[in-house]
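A quick write-up on the structure given underneath.
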Amino acid sequence: MADPASKRVLLTGGSSGVGFEAAKVLSAQGHELMIVCRNQATADQTRSLLPGCVHTLISDLADLGAVATVCSQLVDAGAALDALVLNAGLQYAGASDPQFSAHGIELTFAVNQLAHQLMAMRLLPLLQKSNSPRVVITASEVHNPSSGAGKVGKPADLGDLQGLRAGPGFAMMNGSPSFDGNKAYKDSKLCNVLMARELDRQLDAVMPVIAWSPGLVITRNNGGFFRYNKRSNPLGMGTFAFVARDLLRITESPENAGRLLAQLVSDPEPSLGFSYVTNKLLRPGVHRLEPTDTSAEGADLQKATELWRLSELLMSELLISLT
Ligand SMILES: NC(=O)c1ccc[n+]([C@@H]2O[C@H](COP(=O)([O-])OP(=O)(O)OC[C@H]3O[C@@H](n4cnc5c(N)ncnc54)[C@H](OP(=O)(O)O)[C@@H]3O)[C@@H](O)[C@H]2O)c1
316 MADPASKRVL LTGGSSGVGF EAAKVLSAQG HELMIVCRNQ ATADQTRSLL PGCVHTLISD
376 LADLGAVATV CSQLVDAGAA LDALVLNAGL QYAGASDPQF SAHGIELTFA VNQLAHQLMA
436 MRLLPLLQKS NSPRVVITAS EVHNPSSGAG KVGKPADLGD LQGLRAGPGF AMMNGSPSFD
496 GNKAYKDSKL CNVLMARELD RQLDAVMPVI AWSPGLVITR NNGGFFRYNK RSNPLGMGTF
556 AFVARDLLRI TESPENAGRL LAQLVSDPEP SLGFSYVTNK LLRPGVHRLE PTDTSAEGAD
616 LQKATELWRL SELLMSELLI SLT
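Here the sequence shown is numbered in our numbering, starting from 316 and rising by one per residue.
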């Protein structure tokens, strides 16, 4: 008989970094995992490295049609979902030319935000079948222009969402035609915070909707999250990692960040409604997960609603044009 404490968890970004480490903990604890992987090879590798009950689903999150298909398969199967963990992400740091999905959506926004909103919209009925559902979204402190990392370079700001209003082909959310990969990432993480706010508003605080920031996470091997950086060379990345991780000790390990994500997913008594928690650096080498204020823009409920509405409109147009 299934352990009543065992949760059925859907996780994006579970094939590497924070998500993979969280998956290790959760599957070892006996939770049933469904990990969305970008292709079969990644799925096979991920499953082979994890203990316990792990299923993989194939979807490149840049492809909204593929995301919709995976969601339909899950909804048709009908099983309740206890946790929806929207964790996948990428950053084209240093890039000044946008890259677009097959449907003309800038990739940072397409993967980090749009695919995740689509999953939240489509999978909500499965969450509502659970006795103890929750949504966990991996955002980042860079969404906040007054945070340490949020101050470096151009700050996050979505303006009046002019880019999104204009439809496919926009480079930046605020309508600017010149692309800045770092800012696009910060904007996407601000979108993640606003998505959590709007989801909670729609649900009227009936379940926990947790946005969180893992801190600066650097791996020891493949450059981890920073592997997409356009301007970085291996030497520069190695130096950055050595200084941040080993000299200044301001980074978090993927293992610890993964444990925190697993904790947010399996916490037996999470508070209902929206919350934002960050893995705060207290002093070199010491972090603590604590409730944190979002930026003022991240608390703008009107913008949250408008972001959701425009994104839904865009996706409905794109998904209709796909059929
Ligand atoms: N690292 C940091 O310092 C940091 C700080 C704050 C917030 N975050 C956030 O933490 C989350 C996890 O990042 P991480 O550090 O663990 O980075 P990571 O090791 O690069 O993991 C990113 C995950 O997202 C998946 N992914 C990316 N694009 C995808 C696509 N098109 N389709 C399907 N899956 C895709 C990757 O799949 P593949 O394995 O196939 O590439 C991988 O599983 C992200 O949301 C990131 O924004 C990270």
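All C-beta atoms in this analysis are idealised placements derived from N, C-alpha and C, irrespective of residue type, glycine included.
For residue i, the first and last residue of its enclosing alpha helix (DSSP H)
i: A556; result: P549 to A556
i: P460; result: Element bounds for P460: n/a, residue is neither H nor E.
i: C506; result: G496 to L518
i: R362; result: Q355 to L364
Distance CB(residue i)-CB(residue j) smaller than 9 Å
i: A403; j: H370; result: no
i: L442; j: L396; result: yes
i: D515; j: V508; result: no
i: S626; j: Q428; result: yes
i: P569; j: E336; result: yes
i: P529; j: A572; result: yes
i: G474; j: S411; result: no
i: A383; j: L438; result: no
i: G613; j: N459; result: yes
i: L325; j: L422; result: no
i: L633; j: P483; result: yes
i: K498; j: G478; result: no
Contacting residues, own chain, Cβ-Cβ under 6 Å from residue i (five flanking each side not counted)
i: S330; result: C352, T357 and T361
i: A559; result: I565 and T566
i: T609; result: V508 and Y591
Cα-Cα separation between residue i and residue j, rounded to whole angstroms
i: P440; j: K504; result: 25 Å
i: V450; j: L562; result: 36 Å
i: A454; j: N446; result: 26 Å
i: L576; j: N594; result: 10 Å
i: M522; j: G539; result: 32 Å
i: E347; j: P492; result: 44 Å
i: G393; j: G465; result: 41 Å
i: H602; j: S586; result: 22 Å
i: G588; j: P549; result: 42 Å
i: M552; j: T534; result: 11 Å
Opening and closing residue of the beta strand (DSSP E) in which residue i lies
i: N594; result: G588 to R598
i: P606; result: V601 to P606
i: L575; result: It is not in any beta strand (DSSP E) - L575 instead sits in the alpha helix (DSSP H) that spans P569 to S581.
i: V524; result: P523 to S528
Contact with chain D by residue i, beta-carbon distance below 9 Å
i: F589; result: Chain labels in this structure do not include chain D; a single protein chain is all it has.
Cβ shell of residue i (< 8 Å), same chain only, five flanking positions each side left out
i: A645; result: The structure shown does not extend to residue 645, since the chain spans only 316 to 638, so no value can be given for it.
i: Q414; result: Y407, E421 and L422
i: F494; result: A410, S411, D412, P413, E421, A486 and M487
Same chain only: Cβ atoms within 7 Å of residue i, ignoring 5 sequence neighbours per side
i: D472; result: N489 and E612
Quiz item: In chain order, which continuous runs of the alpha helix (DSSP H) of length 4 or greater are located wholly inside the region 370 to 450?
Solution: Taken in chain order, the complete alpha helix (DSSP H) segments of 4 or more residues contained in the region 370 to 450 are 379 to 392 and 430 to 442.
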